[in-house]
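Asks: Sharing a structure below in structure tokens format, with a few things to ask.
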Amino acid sequence: MNGGTFTPGVEKERAGIYFRFHSAAQARTQMGERGTLALPIVMGWGEPKKFIEINSDEDITKKLSLDINDPSLLLLREARKKAKTVLLYRVNEGVKATGNLSTEDGESVKVTAVYGGSKGNDIIITVSTNVSDPSKKDVITFDSTKAIDKQIVADASELVENSLVTFDGTGQLTDTAGVRLASGMDGTPTNLDYTDFLAAAETEYFDAIALPVDSDEPIKTTFVSFIRRLRDQQGVKVIGVLPNSPADYEGIINVTNAAVLPDKELSIAETVAWVAGASAAAPMTQSLTFVVYDGAIDVNPRFDDDEVKERLKKGEFILTFDPRDKVASVEADINSFVSFTKEKDKRFRKNKIIRILDGINNDLTRELKSVIKELKDKGQDIPANDDGKQIINTLASVYMNELQDNKVISDFDPGNDIIITQNQDGDGFIINMGAKPIDSAEKFYFDMVIK
Numbered sequence: 005m006n007g008g009t010f011t012p013g014v015e016k017e018r019a020g021i022y023f024r025f026h027s028a029a030q031a032r033t034q035m036g037e038r039g040t041l042a043l044p045i046v047m048g049w050g051e052p053k054k055f056i057e058i059n060s061d062e063d064i065t066k067k068l069s070l071d072i073n074d075p076s077l078l079l080l081r082e083a084r085k086k087a088k089t090v091l092l093y094r095v096n097e098g099v100k101a102t103g104n105l106s107t108e109d110g111e112s113v114k115v116t117a118v119y120g121g122s123k124g125n126d127i128i129i130t131v132s133t134n135v136s137d138p139s140k141k142d143v144i145t146f147d148s149t150k151a152i153d154k155q156i157v158a159d160a161s162e163l164v165e166n167s168l169v170t171f172d173g174t175g176q177l178t179d180t181a182g183v184r185l186a187s188g189m190d191g192t193p194t195n196l197d198y199t200d201f202l203a204a205a206e207t208e209y210f211d212a213i214a215l216p217v218d219s220d221e222p223i224k225t226t227f228v229s230f231i232r233r234l235r236d237q238q239g240v241k242v243i244g245v246l247p248n249s250p251a252d253y254e255g256i257i258n259v260t261n262a263a264v265l266p267d268k269e270l271s272i273a274e275t276v277a278w279v280a281g282a283s284a285a286a287p288m289t290q291s292l293t294f295v296v297y298d299g300a301i302d303v304n305p306r307f308d309d310d311e312v313k314e315r316l317k318k319g320e321f322i323l324t325f326d327p328r329d330k331v332a333s334v335e336a337d338i339n340s341f342v343s344f345t346k347e348k349d350k351r352f353r354k355n356k357i358i359r360i361l362d363g364i365n366n367d368l369t370r371e372l373k374s375v376i377k378e379l380k381d382k383g384q385d386i387p388a389n390d391d392g393k394q395i396i397n398t399l400a401s402v403y404m405n406e407l408q409d410n411k412v413i414s415d416f417d418p419g420n421d422i423i424i425t426q427n428q429d430g431d432g433f434i435i436n437m438g439a440k441p442i443d444s445a446e447k448f449y450f451d452m453v454i455k
């Protein structure tokens with residue numbers, strides 16, 4: 005099942021759910037669960053080109069073998085100030101640290117870090133004679149001062165890979181107080197590395213995705229196109245956050261100034277991590293406007309009143325410093341959309357409104373999938389007839405009534421606010437729905453096609 009933007013008169017080739025939104029809403033819904041951020045990061049250790057789900061500090065230690073205060077985890081720390089879950093993706097492979105252990109016959113045994121990166125330079129291998137059996141050696145692998153692995157061997161060929169290093173060589177080892185691995189480097193990720201990140205992200209579930217890169221315009225352009233494709237062609241309603249990118253699109257947040265922490269002045273690209281985490285975590289009833297940036301003591305650059313107004317007109321997401329309270333906060337929770345039309349007016353610039361629309365899209369899609377699966381398990385399908393219309397009508401009515409019962413919307417009338425017709429091919433439905441949020445004077449209409 006797929007979704008996307010529905011255009012009247014244009015049939016979709018792939019069975020799915022399609023939404024078209026028109027300007028008519030004034031508030032948002034609380035339905036749906038949010039809080040997952042996809043984040044690419046340059047790290048000094050860890051498996052590259054793979055998403056790792058981080059929900060706690062314990063996950064960082066267990067899954068990354070790093071401390072939360074590791075300098076390479078700055079972006080993760082900022083993102084987790086708000087995000088419930090971070091899907092961390094190491095974009096850099098780095099260069100693996102290596103070292104050599106000596107043998108009694110004058111040869112050497114090569115020791116190589118399991119992963120590339122500067123953290124490999126903290127690995128130390130010691131070799132000493134085993135107390136119980138002098139013909140054997142105790143080979144201990146340390147992560148700095150912490151012993152991680154101990155092996156007792158008579159010959160180097162018996163050594164096996166552990167969580168930190170691999171061994172390659174044979175012979176009886178000679179004692180050493182410690183061989184520290186060297187030449188491990190983090191490296192610099194390329195455009196291809198970030199393209200791989202986007203390709204991998206396409207099969208993951210997340211609410212927001214960050215691109216903390218400011219100096220590479222081609223990859224920023226690719227990122228914006230990626231978000232457009234997910235939202236408009238596939239119906240995957242996610243938010244993209246990146247620095248200095250006037251994309252003029254409701255699915256892109258354009259961050260243009262940075263937070264200052266007590267011990268570090270962040271770049272705009274680094275600030276993207278917090279903004280993306282906050283956007284992912286924001287419930288559908290809350291705007292991020294005036295939300296305080298956790299731990300920030302200033303912003304850079306600061307903007308005066310005229311500059312703030314001008315930047316907001318350009319669709320920039322900026323932070324403002326309050327000299328009285330000494331805190332930094334979000335000036336306005338807006339996206340980069342500025343080309344307003346009668347059909348898509350200026351309310352589409354508000355991330356709060358977009359979260360409403362995305363939430364309805366995601367929730368109804370989820371519920372429809374549930375019904376389709378339930379019927380499939382019984383060897384049935386939703387029929388493309390009046391019975392099928394009734395199924396869809398019932399599902400949508402239950403959902404909307406739940407919103408109304410929770411005082412999220414009002415004046416919902418399933419008889420007038422849900423209109424279901426068959427599509428041109430006769431194998432699906434077009435559903436027109438209207439909803440009036442509790443603090444809205446208008447209704448927000450959107451279309452769906454069910455095949």
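5 is the number of the first residue of the sequence shown in the working numbering; add one for each residue after it. Virtual Cβ for every residue (Gly too), placed ideally from N, Cα, C. Everything numeric in this text was worked out from a predicted model, so none of it was measured.
Going by DSSP, what residues sit across from glycine 103 in a beta bridge?
Replies: Note: glycine 103 sits in a beta bridge opposite Val115.
Asks: Using the Cα positions of aspartate 236 and lysine 346, report the straight-line distance between them to the nearest angstrom.
Replies: One C-alpha to the other measures close to 19 Å.
Asks: Over the uninterrupted beta strand (DSSP E) stretch that includes phenylalanine 325, give me the two end residues.
Replies: Here the beta strand (DSSP E) through phenylalanine 325 covers 323-326.
Asks: Kindly list the residues whose CB is nearer than 6 Å to the CB of leucine 78, restricted to its own chain and excluding five residues on each side of it in sequence; keep chain order.
Replies: none
Asks: Alpha helix (DSSP H) containing glutamine 408: first to last residue?
Replies: Its alpha helix (DSSP H) spans residues 390-409.
Asks: Quick one: what's got a C-beta closer than 6 Å to isoleucine 257's C-beta in the same chain, skipping five residues either side?
Replies: Val245, Phe321 and Asn339
Asks: With a Cβ-Cβ cutoff of 8 Å, do valine 99 and isoleucine 127 count as a contact?
Replies: no
Asks: Measure the alpha-carbon distance for valine 402 versus leucine 372 and round it to whole angstroms.
Replies: Spanning the two alpha carbons is a distance of roughly 12 Å.
Asks: Which value, in whole angstroms, describes the spacing of the CA atoms of threonine 33 and valine 312?
Replies: No answer about threonine 33 holds up, because its pLDDT of 37 lies below 50 and its placement is not dependable.
Asks: Please give me, in chain order, every unbroken run of the beta strand (DSSP E) with length at least 3 that falls completely inside the region 197-256.
Replies: 212-214 and 243-247
Asks: Going by Cα to Cα distance, which pick from Ile129, Arg81, Pro193 and Asp200 is closest to glutamate 165?
Replies: Checking every option, the nearest Cα to that of glutamate 165 belongs to Ile129.
Asks: Could you give the distance in angstroms between the alpha-carbon of leucine 379 and the alpha-carbon of aspartate 362?
Replies: Cα to Cα, the separation comes out at about 26 Å.
Asks: Output yes or no for whether 8 Å exceeds the beta carbon distance between proline 305 and asparagine 261.
Replies: yes
Asks: Can you look up leucine 368 in the DSSP assignment and give me helix, strand or coil?
Replies: helix
Asks: Taking buried to mean at least 16 other C-beta atoms within 10 Å of its own C-beta, is arginine 328 buried or exposed?
Replies: exposed
Asks: Could you tell me how far apart the beta carbons of arginine 81 and valine 90 are, in whole angstroms, since I believe they sit closer than 8 Å?
Replies: Contact flag wrong, Cβ pair sits at about 10 Å.
Asks: Are at least three pairs of beta-carbons, each pair with one atom in the region 102-112 and one in the region 207-223, less than 8 Å apart?
Replies: The region 102-112 is not in contact with the region 207-223.
Asks: Between the beta-carbon of asparagine 134 and the beta-carbon of aspartate 147, is there less than 8 Å?
Replies: no
Asks: Rounded to whole angstroms, what is the Cα-Cα separation between serine 414 and methionine 437?
Replies: 14 Å
Asks: Give a yes or no on whether the C-beta atoms belonging to serine 333 and tyrosine 297 are separated by under 8 Å.
Replies: yes
Asks: Could you say which of Leu323, Asn389 and Ser187 lies nearest to phenylalanine 307 if we only look at CA atoms?
Replies: Leu323
Asks: Alpha carbon to alpha carbon, how far is glutamate 406 from aspartate 421?
Replies: 15 Å
Asks: Kindly indicate which residue of Leu185, Thr65, Asp302 and Asn59 has the alpha-carbon position closest to the one of glycine 120.
Replies: For the residues Leu185, Thr65, Asp302 and Asn59, the minimum Cα distance to glycine 120 belongs to Leu185.
Asks: Flag proline 75 as yes when its Cβ comes closer than 7 Å to any non-hydrogen atom of the ligand MN, and as no otherwise.
Replies: You won't find the ligand MN in this model; it holds no ligand whatsoever.
Asks: Thinking just about the alpha-carbon of each residue, which of Tyr198, Ala205 and Tyr209 is nearest to the one in threonine 225?
Replies: Tyr198
Asks: Taking all protein chains shown into account, do 16 or more other C-beta atoms lie within 10 angstroms of the C-beta of isoleucine 435, making it buried, or fewer, making it exposed?
Replies: buried
Asks: Per DSSP, which one or two residues make a beta bridge with proline 44?
Replies: Tyr93
Asks: Quick check on the DSSP output: the beta strand (DSSP E) that includes alanine 262 runs from which residue to which?
Replies: 262-265
Asks: Given a threshold of 16 other Cβ atoms within 10 Å of its Cβ, counted over all protein chains shown, does proline 193 qualify as buried or as exposed?
Replies: buried
Asks: Please check the pair glutamate 97 and proline 44, which I expect to be a contact at CB under 8 Å, by giving their CB distance rounded to whole angstroms.
Replies: No, glutamate 97 and proline 44 are not in contact; Cβ-Cβ is about 13 Å, not under 8 Å.
Asks: Using only alpha-carbon positions, find the residue among Val113, Asp74, Ile58 and Asp310 that is nearest to aspartate 159.
Replies: Val113
Asks: Which of helix, strand or coil does DSSP assign to asparagine 258?
Replies: Residue state, collapsed to three classes: strand.
Asks: Thinking C-alpha only, which one of Gly48, Lys86, Val375 and Asp310 is nearest threonine 275?
Replies: Lys86
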